[in-house]
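Heads up: the sequence lines are chains A and B, in that order.
Add 25 to a position in the first sequence, counting from 1, and you land on the number used in our numbering.
Add 25 to a position in the second sequence, counting from 1, and you land on the number used in our numbering.
Just so it is clear, CB atoms sit at the ideal spot from N, CA and C, and this is done for glycine as well.
Following: one structure in structure tokens, then a few remarks.
There are 2 protein chains.
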Amino acid sequence: MKNEDQQPVILVTNDDGLFAPGIKYLVDVAKQFGTVVVVAPDSPQSAKGHAITIEDPVRLNQVEAFPGIEAYECSGTPVDCVKLAKHLIFKGRKQPDLCLSGVNHGSNASINIIYSGTMSAAMEASLEGIDSIGFSLLDFKFDADFESSRPFVTKIIAETIENGLGETKLINVNIPKLKTEEIKGIKVCRQANAKWEEKFHEATDPRGKKYYWLTGEFVNLDDGKDTDIWALDQGFISIVPSMHDLTKYDAIAPLKNFENINI
Amino acid sequence: MKNEDQQPVILVTNDDGLFAPGIKYLVDVAKQFGTVVVVAPDSPQSAKGHAITIEDPVRLNQVEAFPGIEAYECSGTPVDCVKLAKHLIFKGRKQPDLCLSGVNHGSNASINIIYSGTMSAAMEASLEGIDSIGFSLLDFKFDADFESSRPFVTKIIAETIENGLGETKLINVNIPKLKTEEIKGIKVCRQANAKWEEKFHEATDPRGKKYYWLTGEFVNLDDGKDTDIWALDQGFISIVPSMHDLTKYDAIAPLKNFENINI
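Here it is in structure tokens:
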């Protein structure tokens, strides 16, 4: 991914919208590495997964969100933002060399990746052949401390620009809620096998009709020491190389019995 | 998955909503195998991926959509439907033995799986340990011909109830748009490497503001004869065993250089 003759072009996006401190921080880190273009949702889009907008039109407006940085807000999902960036904003221009998504306010480790708008935006960019990094901090708060991760986030981006991500094109980076000096380093891991145990908060609206609000508890089912959850629990930043091929290859042969079906 | 002493409980869902002919057909096929409970979105939720609703409440109402069948409509996404089914409708009851999602009006082969509400609903059920099948017909039309696939869909469900899905717990079944006698059989395959080449239809609204509408063309980048796209092109029904672990295992070792980062 080296560009001897020109600066890298870096697409920055997220799922929390342009006013989230996480993206402001990421733009600030990214701009030292090249030309940053920001395309982010105009409202929070957490947990939108790989949703795209096909039943409605989407809007895209240029905004002045970060001093000196070209930025746009989009009425669609995080994946819509990346598609609009590629096909409208970068049309006829040099396409991005790198996509950075986040920094998300809250974990996208383990099974969270499939629900995450942050990671889906990064995955969509990786599908276009762009090296892509999703960053998430294990702190849901609006005023979460992103600065503590700056030396690591900076070096992860530098390493990616220097050497590229190779075959994977997508990494899921999760950062423990720790001070800089407490972060033990970086572990490259697999996604832990975990799930959400949902509960629905049941209540009654002012008109007397029931409604339900999703809540739940993250349950780790995996005691492996090579997982992202383990690394984070130990105080490391976790990096999971990720992909969009959902084929379970080792199940193809055992299911060949379906091919014997005759009608 | 055999239940000697009682009928299987079958959860049926989709992403096109309760009024789609595809789900009506699937309920009709499923009811011969056990007790069917339907939970589907109250409006079309195509391309919602693995989105869940966390910023808003969701509604769930029992409806009389299919004669003699317990059915509910949900204001949320396809994944919300499955979560509500498990945690509210089946609370204190026997949990489903099988989840059937679809039949989707349109392909969910290859890369479509990551955008698909149909497949995400089935994946969510598989995460709960339930054998799950997503069915899709390669015809977008409202009045698509589902009946031609009936002998195959019936036997795929029968085989799954008889032998289970083993390790994978999730299969992605796509059906070519062919008459029964033209369907050549079933192939168990991997997901083809393909992508969407998007275009945005640009237009101006009645107030003079621009909007964009996503459109695009499916591009197969894979000439393998072991893929779902190949099988469908040849006139077979494709079955891809699928999973939710997005770790790209063979990229873990090559990326260990990230662990050398020191600050």
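With 16 other Cβ atoms within 10 Å as the buried cut-off, status of residue i
i               : result
L239 of chain B : buried
H226 of chain A : exposed
T272 of chain B : buried
Y274 of chain A : exposed
N197 of chain A : buried
M268 of chain B : buried
D40 of chain A  : buried
K212 of chain B : buried
T205 of chain B : exposed
N165 of chain A : Checking the sequence, you will find Phe at residue 165 of chain A rather than Asn. With fewer than 16 Cβ atoms within 10 Å of its Cβ, F165 of chain A is classed as exposed.
Residue i versus residue j: straight-line alpha-carbon distance, rounded
i               : j               : result
P46 of chain B  : I182 of chain B : 19 Å
K224 of chain A : E187 of chain A : 45 Å
E149 of chain A : D270 of chain A : 12 Å
L43 of chain A  : I138 of chain B : 29 Å
I94 of chain A  : H112 of chain A : 20 Å
V244 of chain A : K220 of chain A : 5 Å
I79 of chain B  : A72 of chain A  : 7 Å
E284 of chain B : P176 of chain A : 14 Å
C313 of chain A : V128 of chain A : No answer is possible for residue 313 of chain A: the residues shown for chain A start at 26 and end at 288.
V61 of chain B  : I277 of chain A : 28 Å
Q87 of chain A  : L195 of chain A : 27 Å
H130 of chain A : A146 of chain A : 15 Å
R84 of chain A  : L109 of chain A : 10 Å
A55 of chain B  : A65 of chain B  : 15 Å
Contacts around residue i, its chain only, beta-carbon distance under 7 Å, and the 5 residues preceding and following it disregarded
i               : result
T185 of chain B : L123, D156, I158
S132 of chain A : S161, L163, N199
V104 of chain A : H75, A76, I77, S145, A146, E149
V178 of chain A : V54, F160
For residue i, three-class secondary structure by DSSP
i               : result
K116 of chain B : coil
D247 of chain A : coil
G127 of chain A : strand
P66 of chain B  : strand
D253 of chain B : helix
N188 of chain B : helix
G93 of chain A  : coil
P176 of chain B : helix
M26 of chain A  : Here the model assigns M26 of chain A a pLDDT of 48, short of 50, so the residue's position is not dependable, and the following value carries that caveat. Looking at M26 of chain A - three-state DSSP - the assignment turns out to be coil, as it is neither helix nor strand.
K111 of chain A : helix
I211 of chain A : strand
K56 of chain B  : coil
E227 of chain A : strand
F160 of chain A : strand
A146 of chain B : helix
S289 of chain A : This structure cannot speak to residue 289 of chain A, because chain A is shown only from 26 to 288.
P20 of chain B  : Shown here, chain B extends from 26 to 288; a query on residue 20 of chain B therefore has no answer.
For residue j and residue i, believed in contact at Cβ under 8 Å, the rounded distance
i               : j               : result
S263 of chain B : N199 of chain B : 5 Å
K209 of chain A : F261 of chain A : 5 Å
Y97 of chain B  : V52 of chain B  : Actually they are not in contact, since the Cβ atoms of Y97 of chain B and V52 of chain B sit about 13 Å apart, beyond 8 Å.
G191 of chain B : P279 of chain A : 5 Å
L36 of chain B  : P92 of chain B  : Actually they are not in contact, since the Cβ atoms of L36 of chain B and P92 of chain B sit about 18 Å apart, beyond 8 Å.
H75 of chain B  : G74 of chain A  : 3 Å
Q23 of chain A  : G142 of chain A : Outside the displayed range of chain A (26 to 288) lies residue 23 of chain A, so it cannot be described from this structure.
6 Å Cβ shell around residue i - same chain, five flanking residues per side excluded
i               : result
D248 of chain A : none
D67 of chain A  : E98, S100
V265 of chain A : N197, C214, Q216, D253
Residues near residue i in its chain [Cβ-Cβ closer than 8 Å; skip 5 each side]
i               : result
Y236 of chain A : E227, A228, T229, D230
E89 of chain B  : A96
Under 9 Å by beta carbon: chain C residues contacting residue i
i               : result
W255 of chain A : In summary, chain C is missing from the structure at hand, where the protein chains are A and B.
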